[in-house]
Amino acid sequence: MKEIEEMLAASGIAPTPVRKLVYKCFENSVGPLSLSDLETLLDSVDKSTISRTLNTFREHDLLHSFTDGSSSVKYELCHSKNHGEHDDQHVHFRCEKCGETKCLQDVKIPDVLLPDGFLRHEVTYVITGICDACSKTLR
């Protein structure tokens, strides 16, 4: 937890006990998490505190959020930043069969040239279909 405290402090975030717990959930996760997922993992912490923590982490570029076509917003740690812009842009994949959303870290989002005057902060790219595990059951 000491490493988490130092990382939060270096990002300008006071390392409260709840913030450390929320960050640890993301570190231990194999994929993106929703507010509902965090509520289940941290059943002793109220929803509004978790929600405020997610907002704080987003404001300090520790997390990015995206919608994957399900009924909830998903959150994921940002692994690298470049001048206030996330440079760990990657594709997310939501399986229509099992409902899981996976990060495809090695599949990069194609570069999109914006018109003059437009400034990009974040890009989300979600593909829906059948994941590798579920496609095996279709054969």
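Residue numbers (numbering that gives the first Met the number 0): 0 to 138. Quick reminder that beta carbons are idealized off the backbone N, C-alpha and C, glycines included.
If you look at serine 64, you'll find it isn't in any alpha helix (DSSP H); it sits in the beta strand (DSSP E) that goes 62-66. DSSP places threonine 100 inside the beta strand (DSSP E), whose first and last residues are 100-103. DSSP places cysteine 94 inside the beta strand (DSSP E), whose first and last residues are 90-94. When DSSP states are grouped into helix, strand and coil, valine 125 belongs to the strand group. With 16 or more other Cβ atoms inside 10 Å of its own Cβ, lysine 73 counts as buried. With distances taken between CA atoms, glutamate 38 lies nearest to Leu20 out of Glu26, Leu20, Gly30.
The beta-carbon distance between serine 71 and serine 28, rounded to whole angstroms, is 15 angstroms. This is too long to meet the 8 angstroms contact definition. Tyrosine 74 is bridged by DSSP to Leu32, Ser64.
In the three-state reduction of the DSSP assignment, isoleucine 3 falls in the helix class, which pools H, G and I. In terms of CA proximity to aspartate 60, Leu7 leads the group Leu7, Val125, Thr136. In the displayed model, cysteine 133 falls within a helix according to three-state DSSP.
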